[in-house]
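Chemist: Going by our numbering, the first residue of the sequence shown is number 11, and it counts up by one from there.
What follows is a structure written as structure tokens; I'll ask about it next.
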Amino acid sequence: MTGTSDPGEADAGCDATLPPLAAVIARHGLQPKRALGQHFLLDPSLCGRIARAARPGTSAVILEVGPGPGGLTRALLAAGAARVVAVEKDRRCVAALGELQARYPDRLEIVEGDALAFDIATLGTARIGIAANLPYNIGTRLLLRWLERVELIESMTLMFQKEVAERITAAGGKDYGGLSVRAQWLCTCERLFDVSPRAFVPPPGVVSTVVRLVPRPAPLAPAEPDALDAVARAAFGQRRKMLRRALRGLTQDPLALLESAGISPQARAETLSVAEFCALARAWSAMRHT
Ligand code: SAM
């Protein structure tokens, strides 16, 4: 990780002829709605930092979820995105983005709708980049959904609350869990930098972290997705217990399962690598099919 971003860094080169975001918010009456997780980023330099981390020039299409008043959207365009498709649920924000859309008619498309219902397969045949300051209440659900279609994705540069970012990237210990296993099985996952609550309007109660996930050319090790989820759920469901006990809910013979996966019965979930979870999932699949 490379430090924390606070408001007030040098400008990122967004289109200076666009009205300030604060003026857009005032003109369109964008009183933040808690139910939509609205915490807006108004600092162009911070938006620029997130946008550059997304390397938008390398993808044919960048999907942005929740553009709000458009700070990150502006920065993605300034950082060279050929085409940004921005999905926003709040009609007020969609109206506020009209001016930006008029400025970039060929490069920016605003879609009014729920990102949870948005099918990324509709964005064309080239793999897409995803960049977003995610609404906290649906961030994990969106990530899990995208991981199901990871073959369509080139990279994801996403801001989560710090605690979720730690769960995604943990390689053991208390934050390590099913989300870590699923994400790291399919992607390399890196925490880039923290963002102070002071950077947002209104400030959230927690620190945020930008995470970059890049899908692997192939999953880290062979495993059936459902089996991987099942063994992770069972193992982390009783994370303090040795696996020979924790896996009792999964099979009547945890010792045989662990032996065939080559894992010590004394091991605990928090100490297993993602590759070992895959071995456990393969052994469990094989056990079920015999
Ligand atoms: N990108 C903007 C920024 O950085 O200032 C806004 C980020 S704010 C944390 C989250 C945005 O997601 C809000 O604009 C909110 O209206 C939008 N949003 C919330 N739920 C959504 C959903 N289900 N689908 C699409 N957008 C959603």
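Backbone N, C-alpha and C fix where the C-beta goes; we use that ideal spot for every residue, glycine too.
On a predicted model such as this, the values are computed, not experimentally measured, just so you know.
1) For residue 171, which three-state DSSP category applies?
2) Are the CB atoms of residue 51 and residue 147 within a distance shorter than 8 Å?
3) Counting only the same chain and skipping the five closest in sequence on each side, list residues whose C-beta sits under 8 Å from that of residue 117.
4) Using a Cβ-Cβ cutoff of less than 8 Å, which residues in the same chain neighbour residue 296 once the five nearest sequence positions on both sides are dropped?
5) What is the rounded straight-line gap between the Cα of residue 219 and the Cα of residue 168?
6) To which residues of the same chain is residue 78 closer than 6 Å at the C-beta, ignoring the five residues directly before and after it?
7) Rounded to a whole number of angstroms, what is the C-alpha to C-alpha distance between residue 180 and residue 226?
8) Under 8 Å, do residue 282 and residue 267 count as touching if we go by C-beta distance?
9) Looking only at its chain, what residues have a beta carbon closer than 7 Å to the beta carbon of residue 243, apart from the 5 residues adjacent to it on each side?
10) At a cut-off of 7 Å, would you count residue 50 as near ligand 1, judging by its Cβ distance to the nearest heavy atom?
11) Kindly indicate which three-state DSSP category residue 14 falls into: helix, strand or coil?
12) Taking residue 205 as part of the beta strand (DSSP E), name the residues at either end of that continuous run.
13) Evaluate residue 20 with the Cβ neighbour count: other Cβ atoms within 10 Å of its Cβ, from every protein chain shown; 16 or more gives buried, anything less gives exposed.
14) Is the Cβ-Cβ distance between residue 291 and residue 252 less than 8 Å?
15) Since residue 297 sits in a beta bridge, which residues does DSSP pair it with?
16) Reducing DSSP to helix, strand and coil, say where residue 50 ends up.
17) Could you tell me the distance, in whole angstroms, from the CA atom of residue 172 to the CA atom of residue 134?
18) Can you tell me the Cα-Cα spacing of residue 223 and residue 65, whole angstroms?
19) On the DSSP letters alone, give me the boundaries of the beta strand (DSSP E) that residue 89 sits inside.
20) If you drop the 5 nearest sequence neighbours on each side, which residues of the same chain put their C-beta closer than 6 Å to that of residue 202?
21) Excluding the five sequence neighbours on either side, which residues of its own chain have a C-beta within less than 8 Å of the C-beta of residue 273, listed in chain order?
22) What are the boundary residues of the alpha helix (DSSP H) that residue 219 is part of?
23) Rounded to whole angstroms, what's the CA-CA distance from residue 22 to residue 245? Just pull it up for me.
24) Cutting at 7 Å between CB atoms, please list the residues of its own chain near residue 182, excluding the five before and the five after it.
25) With residue 212 and residue 42 assumed to form a contact (beta carbons below 8 Å), what rounded beta-carbon distance in angstroms separates them?
26) Excluding the 5 residues preceding and the 5 following residue 13 in the sequence, name in chain order all residues of the same chain whose CB lies nearer than 8 Å to its CB.
27) Suppose the cutoff is 7 Å on Cβ atoms and the five residues either side in sequence are ignored; what does the same chain contact list for residue 210 look like?
28) For residue 125, verify whether its CB is less than 7 Å away from any heavy atom of ligand 1.
29) To the nearest angstrom, how far is it from the Cα of residue 230 to the Cα of residue 157?
30) With hydrogens ignored, establish whether the beta-carbon of residue 98 is closer than 7 Å to any heavy atom of ligand 1.
Modeler: So, from the listed chains and residues:
1) Along the sequence shown, read from residue 1 onward, the residue named residue 171 stands at position 161. Three-state result, residue 171: strand.
2) Looking up residue 147 in the sequence shown gives position 137. Looking up residue 51 in the sequence shown gives position 41. Not in contact: residue 147 and residue 51 (Cβ atoms no closer than 8 Å).
3) What you label residue 117 is simply residue 107 of the sequence shown in a count that begins at 1. Here the set comprises 87, 91, 92, 93, 94.
4) Numbered from its first residue, the sequence shown carries residue 296 at position 286. Cβ neighbours of residue 296 beyond the five flanking positions: 270.
5) For this step, residue 219 is matched to residue 209 along the sequence shown. For this step, residue 168 is matched to residue 158 along the sequence shown. So the two alpha carbons sit approximately 8 Å from each other.
6) Taking the sequence shown and counting its residues from 1, the one referred to as residue 78 is at position 68. Answer for residue 78: 50, 103, listed in chain order.
7) Here the question's residue 180 lines up with position 170 in the sequence shown. Here the question's residue 226 lines up with position 216 in the sequence shown. Roughly 17 Å separates the two Cα atoms.
8) Translated into the one-based positions of the sequence shown, residue 282 becomes position 272. Translated into the one-based positions of the sequence shown, residue 267 becomes position 257. Not closer than 8 Å, so no.
9) Taking the first residue of the sequence shown as position 1, residue 243 is located at position 233. Around residue 243: 188.
10) Locating residue 50 in the sequence shown gives position 40, where the first residue counts as 1. At least one heavy atom of ligand 1 is nearer than 7 Å to the Cβ of residue 50, so yes.
11) Counted from its first residue, the sequence shown places residue 14 at position 4. If DSSP states are grouped into helix, strand and coil, residue 14 belongs with the strands.
12) By 1-based counting over the sequence shown, the position of residue 205 is 195. Taken as a continuous stretch (DSSP letters only), the beta strand (DSSP E) holding residue 205 covers 197 to 205.
13) Sequence index remark: in the sequence shown, residue 20 carries index 10 (1-based). Below a pLDDT of 50, predicted positions are generally treated as unreliable, and residue 20, at 40, falls in that range; the measurement from the model is reported next regardless. Classification for residue 20: exposed.
14) Residue numbering aside, residue 291 sits at position 281 when the sequence shown is read from its first letter. Residue numbering aside, residue 252 sits at position 242 when the sequence shown is read from its first letter. Result no, Cβ atoms of residue 291 and residue 252 do not sit closer than 8 Å.
15) In the sequence shown, the residue the question calls residue 297 occupies position 287. According to DSSP, which records beta bridges pairwise, residue 297 is partnered with nothing at all.
16) In the sequence shown, counting from the first residue as 1, residue 50 sits at position 40. It is a strand residue.
17) Mapped onto the sequence shown, residue 172 falls at position 162. Mapped onto the sequence shown, residue 134 falls at position 124. Cα to Cα, residue 172 sits roughly 32 Å from residue 134.
18) Translated into positions along the sequence shown, residue 223 becomes position 213. Translated into positions along the sequence shown, residue 65 becomes position 55. If you take the alpha carbons of residue 223 and residue 65, they lie about 12 Å apart.
19) For the purposes of this step, residue 89 is taken as the residue at position 79 of the sequence shown. Residue 89 -> no beta strand (DSSP E), and no H or E assigned at all.
20) Within the sequence shown, residue 202 is the residue found at index 192, counting from 1. If we look at residue 202 and ignore the five residues flanking it on each side, its Cβ neighbours are 63, 220, 222.
21) For this step, residue 273 is matched to residue 263 along the sequence shown. Result list for residue 273: 253, 282, 286, 289, 290, in chain order.
22) Counting from one through the sequence shown, the residue named residue 219 turns up at place 209. Per DSSP, residue 219 belongs to no alpha helix (DSSP H); it is in the beta strand (DSSP E), 218 to 225.
23) Residue numbering aside, residue 22 sits at position 12 when the sequence shown is read from its first letter. Residue numbering aside, residue 245 sits at position 235 when the sequence shown is read from its first letter. Unreliable placement is indicated for residue 22, whose pLDDT of 46 sits below 50; the coordinate value is still reported in the next sentence. Answer to the nearest angstrom: the Cα atoms are 45 Å apart.
24) For this step, residue 182 is matched to residue 172 along the sequence shown. For residue 182, where only same-chain residues beyond five positions count, the Cβ hits under 7 Å are 280, 281.
25) Residue numbering aside, residue 212 sits at position 202 when the sequence shown is read from its first letter. Residue numbering aside, residue 42 sits at position 32 when the sequence shown is read from its first letter. About 6 Å; that satisfies the 8 Å criterion.
26) Counted from its first residue, the sequence shown places residue 13 at position 3. Result list for residue 13: 203, 204, in chain order.
27) Position 200 of the sequence shown, counted from the start, is the residue given in the question as residue 210. Around residue 210: 49, 50, 51.
28) Walking along the sequence shown from the start, residue 125 turns up at place 115. Result yes, Cβ under 7 Å from ligand 1.
29) As a first step, residue 230 is located in the sequence shown; it is residue number 220 there, counting from the start. As a first step, residue 157 is located in the sequence shown; it is residue number 147 there, counting from the start. In a straight line, the C-alpha of residue 230 is about 14 Å away from that of residue 157.
30) By one-based count along the sequence shown, residue 98 stands at place 88. Result yes, Cβ under 7 Å from ligand 1.
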